[in-house]
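Chains as they are written, first to last, in the numbering used here: chain H, 13 to 340; chain G, 13 to 340.
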């Protein structure tokens, strides 16, 4: 029930996911039963077999404080959905709701994985060739250097086992490429990562995000969140301005028709909707945070990521590798 | 002699600036005299009257450490140019050279303004309507909350007296819009700025940079540098990919001809070259840092900013307002 277009987009995404992902044995829609039934019927689907509804009377809004959402809205769709994962009745949760509340509900109810001090949001971002994973994209702020090492280990498991990048290269986001550049946090993390059993390639500055070698870029959640939102909003502004200019007169409209396939190609690669939300790594469960303004396509791809995450459990790998790092 | 295209681009920019800015009484080119004369002659200009050459035998490279550049390359074009400002023989310096070295030379030779603890790089960035000033864009890292207040005061003077924004609105860059969002640094700066005699409008998150109300966005230089470079590289990548797609076949090429004026309009507004480099605020002099890869147009506009900065001295306003803040 969270996000800007609930329950329409989540239900639409669920219907499509059920059609295309046979691996989903059962998809549970959590929220107002009547509204969900109405949305399902629009797609000619009735709740049965692979579609279940779990009724919830409350909704966590964007204005709710995270901790209050968990404490006072126990019958919210978000809390009920996390409960299903906690109680082993679901393997993964996808939510487009209040990020802070989802983080709080997940860490309070599911708990952190053994050895993990802080959970982190891992976001897949397209670059010149392929993608990179930015983390932490905003699960917490004022991280310690050790947290960034944990992010690297968690991101590595994500890349290897879900994104199928065999030997992911890890960089620290910094204000310069050379060793010795950075703030206190990133410089200490640099020194720790140099000694860690991961493929650490050094500092990644802003210029190198989109054409650099790093598959995983680790940073504090304050910086990661700002960078992610800057990328999102600059992309949105750029294509909005291009659209306005291309439709400003008839000559340009005619030209725009001829170059339409060019922009379709660009959209195929750079449309964030196809990357399917952020994975919350470090909690004992599979939690996927979709954008609040997610389209049905974005939520459909979040469900795809959920299926992949269930199929290729990364959490055991994370626990094992975090333990190795801490032994060192 | 610094930057990727010296001395060709700087000399070209200087020639154009002399033609168009009668306010420039004399423009001093600092560097290898022979090379500079050769470049000048390409534009049919000989050193005389309004064009002077100050010979320097050394060049600060991108690999030089900042402090060593200042200590060991005393006869570099950069150090000699800063000396000219220090000795009152020039009113402003424009450099496309090593950023760290320029910062070091400026702070060591020119000194900080009274009451200013840290200098900051102020960069003008285009947004949906107008521009915003991002600072600190990377002069220092691990700033203290009080530094961010100083940045706000310095940015305000820049906006009022050079950019002609009468009542600039100031925001703190953060990972959320609400009060209480942020890291330790930004939250403390928020509290200080609320009490300061500036038009403080609260937190600015990444999504609000390009369509938000803030004229000045203050942050630590680590974050500001990463955000600036992310914006630069994403813009570059986007338009590179668009160009590749638009020229991929004959149909699209025909369409691209028809929409050419659309992209010219976009370039007019979003081309960073027209905003003319970053102003280093907080030092006792006028120092403009142009991008290392600056075109002649970018350097020409850096010289325009220099003229405006000399015409509308902001440093006395900064000293006065910093003193007021510290009295509070």
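We put the CB at the ideal spot given by N, CA and C, even for glycine. In this text the structure is predicted, and so the values were computed from the model without any measurement.
Item: Within chain G, the residues that residue 267 of chain H reaches when beta carbons sit closer than 9 Å; Value: 266, 267, 268, 269, 270, 271, 272, 274
Item: Neighbour flag for residue 249 of chain H against chain G, beta carbons, 7 Å; Value: yes
Item: N-terminal and C-terminal residue of the alpha helix (DSSP H) that residue 121 of chain G is part of; Value: Element bounds for residue 121 of chain G: n/a, residue is neither H nor E.
Item: Within-7 Å CB hit, residue 152 of chain G to chain H; Value: no
Item: Exposed unless 16 or more other CB atoms sit within 10 angstroms - verdict on residue 35 of chain G; Value: exposed
Item: Residue 24 of chain H classed as buried or exposed, judged by whether at least 16 other C-beta atoms fall within 10 angstroms; Value: buried
Item: CB contact below 7 Å: residue 183 of chain H versus chain G; Value: no
Item: Enclosing beta strand (DSSP E) for residue 365 of chain H [first to last residue]; Value: Here chain H has residues from 13 to 340 only, and residue 365 of chain H is not among them.
Item: Bounding residues of the beta strand (DSSP E) (the contiguous stretch that carries residue 147 of chain G); Value: 143-147
Item: For residue 301 of chain G and residue 274 of chain H, the rounded distance between their alpha carbons; Value: 37 Å
Item: Backbone CA spacing between residue 256 of chain G and residue 213 of chain H [nearest angstrom]; Value: 30 Å
Item: DSSP beta-bridge partners of residue 301 of chain H; Value: H:107, H:290
Item: Residue 184 of chain G classed as buried or exposed, judged by whether at least 16 other C-beta atoms fall within 10 angstroms; Value: buried
Item: Opening and closing residue of the alpha helix (DSSP H) in which residue 251 of chain G lies; Value: 233-258
Item: C-alpha gap between residue 88 of chain G and residue 111 of chain G, whole angstroms; Value: 14 Å
Item: Host alpha helix (DSSP H) of residue 64 of chain H (start-end); Value: No alpha helix (DSSP H) holds residue 64 of chain H; the beta strand (DSSP E) holding it covers 63-67.
Item: Reference residue 227 of chain H, options H:305, H:210, H:299, H:193, closest by Cα; Value: H:210
Item: With 16 other Cβ atoms within 10 Å as the buried cut-off, status of residue 191 of chain H; Value: exposed
Item: Min CB distance residue 313 of chain H to chain G below 7 Å; Value: no
Item: Neighbour flag for residue 243 of chain G against chain H, beta carbons, 7 Å; Value: yes
Item: Bridge partner(s) assigned by DSSP for residue 19 of chain G; Value: Note: residue 19 of chain G sits in no beta bridge, so no partner.
Item: Anticipated Cβ contact below 8 Å, residue 72 of chain G with residue 109 of chain G, distance rounded; Value: 6 Å
Item: Of the residues G:306, G:207, G:58, G:234, the one placed nearest residue 150 of chain G, counting alpha carbons only; Value: G:234
Item: Boundaries of the alpha helix (DSSP H) in which residue 93 of chain G is found, first to last residue; Value: 89-98
Item: For residue 145 of chain H and residue 167 of chain H, believed in contact at Cβ under 8 Å, the rounded distance; Value: 5 Å
Item: Nearest-angstrom beta carbon gap, residue 121 of chain G and residue 165 of chain G [assumed within contact, 8 Å]; Value: The pair is not a contact, with the Cβ atoms about 23 Å apart (cut-off 8 Å).
Item: Assumed close pair residue 27 of chain G, residue 92 of chain G - CB separation to whole angstroms, cut-off 8 Å; Value: Incorrect: roughly 21 Å between the Cβ atoms, too far for contact.
Item: The stretch 282-297 of chain G / the stretch 319-335 of chain G touching (three or more Cβ pairs under 8 Å); Value: yes
Item: Chain H contact residues for residue 347 of chain G, given Cβ-Cβ distances below 8 Å; Value: Any answer about residue 347 of chain G is impossible in this case: the structure gives chain G only from 13 up to 340.
Item: Sheet register partners of residue 138 of chain G (DSSP bridge); Value: G:143
Item: Spatial neighbours of residue 51 of chain G in its chain, beta-carbon cut-off 7 Å, leaving aside the 5 residues before and after; Value: 19, 20, 23
Item: Given residue 298 of chain H as reference, the closest of H:189, H:307, H:321 once Cα atoms are compared; Value: H:321
Item: Residue 140 of chain G: contacting residues in chain H (beta-carbon distance under 9 Å); Value: 249, 252, 253
Item: Heavy atom of the ligand SAH within 6 Å of residue 37 of chain H beta-carbon; Value: No copy of the ligand SAH occurs in the structure displayed, which carries no ligand at all.
Item: Under 8 Å from the C-beta of residue 239 of chain G: neighbouring residues of chain H; Value: 218, 238, 239, 242
Item: Close-in-space but distant-in-sequence residues of the same chain around residue 281 of chain H (CB under 8 Å, 5 per side omitted); Value: 138
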